[in-house]
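Those protein sequence lines, which keep their order, are chains S and V. The letter at position 172 of the first sequence is residue 172 when you use the numbering used here, and the numbering goes up by one with no holes. Going from the second sequence to the numbering used here is simple: count from 1 and add 186. Glycine included, every Cβ here is placed at the ideal spot set by N, Cα and C. Worksheet for the structure shown next.
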Amino acid sequence: MDQDGLVERARRGDRQAFAELARASGARLDATARLILRDPDLAQDAVQETLIRAWRGMPGLRDHATFDHWLHSLVAHACIDLIRKRRRRVIEVELSPAHEAPTPDQSVRVADRDQLDRALARLGPEIRAVVVLHFYLDLPLSTVAGMLGIPIGTAKSRLHRSLGTMRSVMSIDEVTTAPALGGPMA
Amino acid sequence: MSTERTTRFERVLPGLFDELAGTRTPAYLEAAIERASSGPQRPSWTFPGRWLPVDITTRTAPFVRVPWGQIGVMVLTGLLLAVVLAAYIGSQRPGMSLLARGSFMGHDWGLVEFEAFQEDSVVTGRMTVHAKSPDVAAITVELQCARMTEDGLIMIGGHVTESTLAAVALKRGSPVQTAIWVGADFNLAVFEEEDCLAYLDAWLARLSATLSSVVPLKDDSEAVIEFGP
């Protein structure tokens, strides 16, 4: 069944349909939460809260096509809520790469990833939320601003500042010229 | 060059984010789904979108930067205007109506200028009585009481000092009649009334009883006097 059908069934209280939707988005939700929160345990809490809010709020979702955006918005808000509630308790940890040990030709890529990890650690959670939603979930800034309930100017300002911080931490020349980074994105 | 670097930098970020985030399904997901969907859903009728147009219920409220500086200036300006308005209203003696105002030349005095307002039994205003001689200082009277008779006589008085009173007497007509009394009439027995109304009553009694003995009201075609309603 396509997503629209699953969303419609979930809206009507079909737990199985909701479970399928959640499974399809689970990895992305977990990754988003880990990138923003930099704490796997908190990320788990955020995803749990996201799923609870999603299940409860499904009947109110009128436009099925917005399900993914809606879910991403919920996880971003869940992260920010957790940050605000536990601001003093957040213990950031280095994110574990989800891949196996790198081969020698992947070493440059791994180094870049580590640099990105260090760069993210320098950003505040609310700024990280903008960066993650924009660069990881590939959402336009206007959408990000709407999701986070901030003015577009604030979103732009946060992104600009975060890029400056990240550039200062990461090796720009290496990142921008390394052949390994060319790929389909460069 | 800087722009190109920025562009390339931003272009590689999504790929790095993908690698950093990974794609594994979290082990806790099934339990989380089970826990989430074990609760009740919110009834659909409780969502505003069911009752209101979607674009209204889903539209993000526009964020307006609060112009605190401008608000501060406006508040200060508003306060200033309020103060000026209050001062203006205060100066207008709200509730007071004009009793009489104008000027005339006194019998034994120089120019008499006065302005009196009244509300019920309360009279306010000021009168200045100039002496004929420029070497003598003018008298200032804080007007505070008035008597009006049925035949149109209006007497307005007040203290010059604690023990000295003065009054202006006016009578409507054409021409208007005027008189100015300061203190007692030394041609008569001295009366030492300290109460304003008693002072006016004493003059009124003398005026009625021995009109020829007191400073009489005189026809004054040159007087410029405006009477209240």
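Check, Outcome
"Does the distance from the CB of valine 298(V) to the CB of methionine 313(V) come in under 8 Å?", "yes"
"Along the chain, where does the alpha helix (DSSP H) that runs through arginine 333(V) open and close?", "That residue, arginine 333(V), is in no alpha helix (DSSP H); its beta strand (DSSP E) goes 325 to 334."
"What first and last residue would you give for the alpha helix (DSSP H) that runs through alanine 317(V)?", "Taken as a continuous stretch (DSSP letters only), alanine 317(V) belongs to no alpha helix (DSSP H), as it is neither H nor E."
"Counting only beta-carbon atoms, is alanine 98(S) nearer than 8 Å to chain V?", "Reliability of the predicted coordinates at alanine 98(S) is poor, the pLDDT of 47 falling under 50, and the value obtained from them is presented with this limitation in mind. For alanine 98(S), the answer is yes, since a Cβ of chain V falls inside 8 Å of its Cβ."
"Helix, strand or coil: which one does DSSP assign to glutamate 408(V)?", "coil"
"Once the 5 residues before and after leucine 403(V) are set aside, which same chain residues still bring their CB inside 7 Å of it?", "Ala355, Lys357, Gln363, Thr364 and Ala365"
"Count the other CB atoms, across all protein chains shown, that sit within 10 Å of the CB of leucine 267(V); report buried if there are 16 or more and exposed otherwise.", "exposed"
"Let's see if you can read the secondary structure: which residues bound the alpha helix (DSSP H) around glutamine 48(S)?", "40 to 57"
"Can you tell me the Cβ-Cβ gap for glutamine 227(V) and methionine 166(S), rounded? I've got them flagged as a contact below 8 Å.", "About 41 Å separates the two Cβ atoms, so there is no contact after all."
"Using the beta-carbon count (16 or more within 10 Å), is alanine 352(V) buried or exposed?", "buried"
"State yes or no: is the beta carbon of phenylalanine 233(V) nearer than 8 Å to at least one beta carbon in chain S?", "yes"
"To which residues of the same chain is isoleucine 127(S) closer than 6 Å at the C-beta, ignoring the five residues directly before and after it?", "Arg158 and Ser162"
"Quick check on the DSSP output: the beta strand (DSSP E) that includes histidine 160(S) runs from which residue to which?", "First-last for histidine 160(S): 152 to 169, but that is the alpha helix (DSSP H), not the beta strand (DSSP E)."
"Could you tell me whether the Cβ of alanine 218(V) comes closer than 8 Å to any Cβ of chain S?", "yes"
"Roughly how many angstroms separate the alpha carbons of tryptophan 254(V) and leucine 284(V), rounded to a whole number?", "46 Å"
"Mind checking whether leucine 339(V) and alanine 302(V) have CB atoms under 8 Å apart?", "no"
"Can you tell which of Arg287(V), Ile325(V) and Tyr274(V) has its C-alpha closest to the C-alpha of proline 415(V)?", "Arg287(V)"
"Any beta-carbon of chain V closer than 8 Å to the one on phenylalanine 18(S)?", "yes"
"Examine the ligand NAD and report whether any of its heavy atoms sits within less than 7 Å of the Cβ of leucine 390(V).", "This structure simply doesn't include the ligand NAD, nor any ligand for that matter."
"Below 8 Å on C-beta distance, what does isoleucine 52(S) contact in chain V?", "Arg221, Ala222 and Gly225"
"Name, please, each residue of chain S whose Cβ falls closer than 7 Å to the Cβ of serine 230(V).", "Pro59 and Gly60"
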